[in-house]
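Below is one structure; the comments refer to it alone.
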Amino acid sequence: MMKIVHIITRLIIGGAQENTLLSCEGQHDRGNEVTLFTGPALGPEGSLMERAKAYGYCVEVLEDLRRSILPGRDYRAYRRLIQRLNELKPDIVHTHSSKAGIIGRRAAYRANVPAIIHTIHGLAFTASTSRLVNRAYRMLERYAAPLTTKIVCVADAMRDQSLAAKVGRADQYVTVYSGMETGPFLNPEVPRADVRRQLGLNDEHVVVGTIARLFDLKGHDDLLDIAPALCSTFPQLRFLWVGDGTLRPAFERRMERMGLRDRFILTGMVPPTKVPQYAGAMDILAHPSRREGLARALPQGSLAGVPTITYDIDGAKEGTLDGQTGYVLPPFDAKKLSATIALLLQDPARRREMGRCGREFALKRFDAKVMVDALEVVYTDALQLAKQ
1 MMKIVHIITR LIIGGAQENT LLSCEGQHDR GNEVTLFTGP ALGPEGSLME RAKAYGYCVE
61 VLEDLRRSIL PGRDYRAYRR LIQRLNELKP DIVHTHSSKA GIIGRRAAYR ANVPAIIHTI
121 HGLAFTASTS RLVNRAYRML ERYAAPLTTK IVCVADAMRD QSLAAKVGRA DQYVTVYSGM
181 ETGPFLNPEV PRADVRRQLG LNDEHVVVGT IARLFDLKGH DDLLDIAPAL CSTFPQLRFL
241 WVGDGTLRPA FERRMERMGL RDRFILTGMV PPTKVPQYAG AMDILAHPSR REGLARALPQ
301 GSLAGVPTIT YDIDGAKEGT LDGQTGYVLP PFDAKKLSAT IALLLQDPAR RREMGRCGRE
361 FALKRFDAKV MVDALEVVYT DALQLAKQ
């Protein structure tokens with residue numbers, strides 16, 4: 001049995017958060033003593049706090065642990081983490097994402113934790129943010145890396161980009177693909193036909209779906225750019241957007257101005273347990289995000305048996321096999337995005353074959369048990385290194 005502490009800034013509905021909870025749950029089920037430190041679940045994205053607290057492992061909310069950079073709160077969170085880690089004396093501290101990783105790793109180091117693990121779910125220093133922010137995060141990640149026993153990446157691309165930015169050493173890195181509960185995608189609680197009927201869809205409609213927060217950089221703007229031409233060419237096309245966020249009102253106003261509001265179905269906030277049934281209602285999943293680690297939406301679409309379309313950013317090629325389970329497009333090429341969607345809209349046989357291949361691929365790479373097994377190996381290796 002190991003004593004394991006996970007640290008993350010907030011339990012909103014999101015990929016890093018779901019990954020963290022599945023890790024906690026799987027490790028708890030195996031008899032380990034698991035504690036999760038998190039900040040309050042603030043924001044419009046929904047909360048996973050109830051799920052975390054109901055499972056049986058220990059969950060502690062630190063009010064000062066926030067996603068935003070707030071020096072006063074950050075220091076108080078750091079001091080509190082040192083205190084609690086000294087009291088708990090864990091074998092492993094596992095931090096998630098940049099902010100919790102920087103504060104949590106330093107606190108674990110100060111508390112003499114034997115093995116310190118950090119998962120990069122997505123890099124904070126990318127071309128999508130300002131140069132000043134990039135520079136600051138690169139410096140902080142370089143500072144935190146020597147404190148870390150092992151750095152886990154959700155895609156090989158994260159490792160390569162981190163090493164290119166001179167963050168850590170190559171021997172620190174290991175890729176563990178982000179797992180998910182695959183069963184609900186294979187056998188949705190609500191059948192496809194029923195979900196489509198509830199959404200106002202008939203058998204003739206062809207649905208291009210998206211699973212993402214309605215937020216900056218998730219690619220919704222690109223879909224809106226290409227929607228008029230696609231809707232004109234394909235009268236039975238419907239867009240299904242699963243998720244909510246701060247940009248929803250702006251997106252809806254734009255749909256209204258284009259006269260296409262009736263062609264878009266917005267589910268609003270959806271708990272993770274209902275994502276499989278919405279994915280099952282789709283015919284194509286499009287995820288033209290501009291910044292990801294490895295988007296969970298890609299294996300979710302594949303598990304639902306539909307082809308996936310994504311831009312070639314970060315770990316996209318590891319979540320979609322180009323030409324086999326879907327298409328990986330040149331970054332931010334909206335014309336290519338439109339042409340690829342059009343290709344699949346008019347080729348049901350290709351959609352079915354790609355969906356079949358995608359499901360086989362996703363089951364092998366993205367099942368939660370596969371992830372928990374891999375993390376156990378990482379932890380064991382890290383503890384052995386600590387003894388040397």
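Each residue of the sequence shown is one higher than the last, beginning at 1 in the numbering used here.
The C-beta atom is built at its ideal place from N, Cα and C for all residues, glycine as well.
Which residue wins for smallest C-alpha separation from M101, given the options L132, F37, I341 and L337?
First, the amino acid is wrong: residue 101 is Gly here, not Met. Ranking the options by Cα distance to G101, first place goes to F37.
Among the candidates D283, Q83, P299 and S130, whose CA atom is the shortest distance from the CA of L345?
Put simply, of D283, Q83, P299 and S130 the residue whose alpha carbon is nearest the alpha carbon of L345 is D283.
The region 312-324 contacting the region 267-281, beta-carbon criterion three pairs below 8 Å
By the Cβ rule, the region 312-324 does not count as touching the region 267-281, because fewer than three pairs are nearer than 8 Å.
Does I117 come out as helix, strand or coil in the three-state DSSP assignment?
In this structure, I117 counts as strand in the three-state DSSP scheme.
Span of the alpha helix (DSSP H), counted from its first residue to its last, around Y75
Here the alpha helix (DSSP H) through Y75 covers P71 to L88.
CB-CB under 7 Å to Q297, same chain, minus the five flanking residues each way: which ones, in chain order?
Here residue 297 turns out to be Ala, not Gln, going by the sequence shown. Sequence-distant partners of A297 (beyond 5 residues in either direction) whose C-beta falls short of 7 Å from its own C-beta, in its chain, are I211, A212, L285 and H287.
Roughly how many angstroms lie between the CA atoms of L88 and C153, to the nearest whole one?
Roughly 27 Å separates the two Cα atoms.
Same chain, Cβ closer than 6 Å to L65, five either side skipped, listed in chain order
The residues are T9, G39 and A77.
In its own chain, which residues sit with a C-beta less than 7 Å from the C-beta of G104, not counting the 5 before and 5 after it?
Closer than 7 Å at the Cβ level, and outside the excluded window around G104, lie I7, L81, V93 and T95.
Could you pull the start and end residues of the alpha helix (DSSP H) that Y137 belongs to?
Counting along the chain, the alpha helix (DSSP H) containing Y137 begins and ends at R131 to A144.
Per DSSP, which one or two residues make a beta bridge with T95?
Per DSSP, I7 and H118.
In whole angstroms, what is the alpha-carbon distance linking I69 and N134?
Answer to the nearest angstrom: the Cα atoms are 14 Å apart.
Here's a check: name, in chain order, each residue in its chain whose Cβ is nearer than 6 Å to the Cβ of I309, leaving out the five neighbours to either side.
Taken in chain order, the residues that qualify are A286, G326, Y327 and T340.
Would you list the residues sitting across from V34 in a DSSP beta bridge?
In the DSSP output, where bridge partners are listed per residue, V34 has I4.
Grab the span of the alpha helix (DSSP H) containing K369 for me, first residue to last.
Per DSSP, K369 belongs to the alpha helix (DSSP H) from A368 to K387.
To the nearest angstrom, report how far apart P348 and E204 are at their CA atoms.
C-alpha separation (whole angstroms): 12 Å.
Among S289, E25, V208 and K166, the one whose alpha carbon lies nearest that of L343:
For L343, the nearest C-alpha among the options comes from V208.
In the DSSP output, what is A111 paired with across the bridge?
Its beta-bridge partners do not exist; DSSP assigns none.
Where does S23 fall in DSSP's three states?
Helix.
Helix, strand or coil for V206, going by three-state DSSP, please let me know.
Here V206 sits in strand by DSSP.
Give me the Cβ distance between A157 and D314, rounded to the nearest whole Å; I'm assuming they're in contact under 8 Å.
Correct: roughly 5 Å between the Cβ atoms.
In this structure, does DSSP put E189 in helix, strand or coil?
Coil.
State the beta-bridge partners of F239 as determined by DSSP.
Note: F239 sits in a beta bridge opposite V208 and F264.
What does the alpha-carbon distance come out to for the pair V195 and P188?
Their backbone Cα atoms lie some 10 Å apart in a straight line.
Reducing DSSP to helix, strand and coil, say where S68 ends up.
Secondary structure of S68 (DSSP, three-state): coil.
Determine the direct distance from the alpha carbon of R142 to that of I151, and round the result to whole angstroms.
Approximately 12 Å between the Cα atoms of the pair.
Grouping DSSP H, G and I as helix and E and B as strand, with all else coil, what is S162?
In the displayed model, S162 falls within a helix according to three-state DSSP.
Can you confirm whether the region 173-182 touches the region 365-376 when touching is taken to mean that 3 or more C-beta pairs between the two stretches lie within less than 8 Å?
Enough Cβ pairs lie closer than 8 Å, so yes.
Could you tell me which residues DSSP puts in a beta bridge with R180?
Correcting the residue type first, residue 180 is Met in the shown sequence and not Arg. Residue pairing by DSSP places M180 opposite D367 in a beta bridge.
Rounded separation between Q27 and A316 - CA only:
Taking the straight line from one Cα to the other gives about 28 Å.
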